[in-house]
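Here's the structure we're looking at; comments come further down.
Protein chains: 2
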Amino acid sequence: MTDEVEIFVCVSCAPRAENAAHLRPGAVLARSLNARLTELGAAGIRVREVECLAVCKRPSTIAMTAAGKWTYVIGDLIAEEHVADIAAAALAFQRSANGIVPWAERPVPFRKGVIARVPPLGFEQHATETA
Amino acid sequence: MTDEVEIFVCVSCAPRAENAAHLRPGAVLARSLNARLTELGAAGIRVREVECLAVCKRPSTIAMTAAGKWTYVIGDLIAEEHVADIAAAALAFQRSANGIVPWAERPVPFRKGVIARVPPLGFEQHATETA
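Residue numbers (the working numbering), protein chains in the order written: chain A, 1 to 131; chain B, 1001 to 1131.
Structure, rendered in structure tokens:
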């Protein structure tokens, strides 16, 4: 298992009505998130812009992933409100053993905005784990 | 890149109203899918039951993944209608270079039921690719 975390930010998502000033809200989000992570001195967390995570109805969408960890797809995010929470969630995800961060430690947009989660390759279910 | 494909089937999904006879529709789906893949002589495709992919509103949900390929999360699947399509999609996914199967070759439930897709670890966007 590595602690290298990747955050894919969808730059195809259209802006939400209240955020219509940004033609590419995902690109703004990616840039702000990178700045915040740098500010925090975070290491090993890479933000990548990608075309289309296929969650078009809940912009902006990100996917947080790492080798050996559960992947989380989170939607309904906007740079102006959520960058600090996303950075905090990324650090908690990086510290976690398997990508599953205890519910109480998850920023609110990560509780409300979950689109899906996917186990790591080779995962075998032994017992129920918190979603 | 490997051709080992993993299909995670959510067994936490509640049954849809029209399918209420099955208490655990995901388990039924996983079993039927395994049987279908065996019938087809498919190799290197593993079906795993998992607890909760966090897509509770669109049962049943699966995630199809492989090292070096895009992961697809697909919902609205039921064993009685979709097992042949899921098996066909898994074979097309396995044959594909990066997990992105040409639109025309995707079974209809894989066009309509997409919840999200996530790039492989280390992915860098060079050009737009079909969702």
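Glycine included, every Cβ here is placed at the ideal spot set by N, Cα and C.
Any idea what DSSP makes of residue i, helix, strand or coil?
{"i": "residue 1083/B", "result": "helix"}
{"i": "residue 1125/B", "result": "coil"}
{"i": "residue 89/A", "result": "helix"}
{"i": "residue 66/A", "result": "coil"}
{"i": "residue 1112/B", "result": "helix"}
{"i": "residue 51/A", "result": "coil"}
{"i": "residue 1024/B", "result": "coil"}
{"i": "residue 1001/B", "result": "Residue placement at residue 1001/B is flagged as unreliable, the pLDDT there being 42, under the threshold of 50; a coordinate-derived value is accordingly withheld."}
{"i": "residue 31/A", "result": "helix"}
{"i": "residue 1106/B", "result": "coil"}
{"i": "residue 57/A", "result": "coil"}
Per DSSP, which one or two residues make a beta bridge with residue i?
{"i": "residue 1117/B", "result": "1072/B"}
{"i": "residue 39/A", "result": "DSSP lists no partner for residue 39/A."}
{"i": "residue 46/A", "result": "6/A"}
Check this for me: beta carbons of residue i and residue j, under 8 angstroms apart or not?
{"i": "residue 117/A", "j": "residue 1054/B", "result": "yes"}
{"i": "residue 1045/B", "j": "residue 1075/B", "result": "no"}
{"i": "residue 1111/B", "j": "residue 1089/B", "result": "no"}
{"i": "residue 1094/B", "j": "residue 1005/B", "result": "yes"}
{"i": "residue 1050/B", "j": "residue 1033/B", "result": "no"}
{"i": "residue 113/A", "j": "residue 66/A", "result": "no"}
{"i": "residue 1109/B", "j": "residue 1059/B", "result": "no"}
{"i": "residue 123/A", "j": "residue 63/A", "result": "no"}
{"i": "residue 83/A", "j": "residue 36/A", "result": "yes"}
{"i": "residue 1042/B", "j": "residue 1077/B", "result": "no"}
Over the uninterrupted beta strand (DSSP E) stretch that includes residue i, give me the two end residues.
{"i": "residue 9/A", "result": "5-10"}
Report whether the distance from the Cβ of residue i to the nearest heavy atom of the ligand NAP is below 7 angstroms.
{"i": "residue 63/A", "result": "By its list of ligands, the structure shown contains no ligand whatsoever, and the ligand NAP lies outside what it can speak to."}
Give me the subset of the region 42-71 of chain A whose CB atoms are less than 8 angstroms from a CB atom of chain B, sorted by chain position. 48, 49, 50, 51, 52, 53, 54, 55, 61, 63, 65, 66, 67, 71
Please list the residues of the region 4-18 of chain A that have a C-beta atom closer than 9 angstroms to any C-beta atom in chain B, keeping them in chain order. Taking a C-beta cut-off of 9 angstroms against chain B, the contacting residues of the region 4-18 of chain A are 4, 6, 8, 11, 12, listed in chain order.
Which of the residues in the region 1082-1095 of chain B, read from start to end, lie with their CB under 7 angstroms from any CB of chain A? Going along the region 1082-1095 of chain B in chain order, one finds no residue with a Cβ nearer than 7 angstroms to chain A.
Using Cβ-Cβ distances below 8 angstroms, what residues of the region 94-121 of chain A are close to chain B? Within the region 94-121 of chain A, the qualifying residues are 114, 115, 116, 117, 118, 119, 121.
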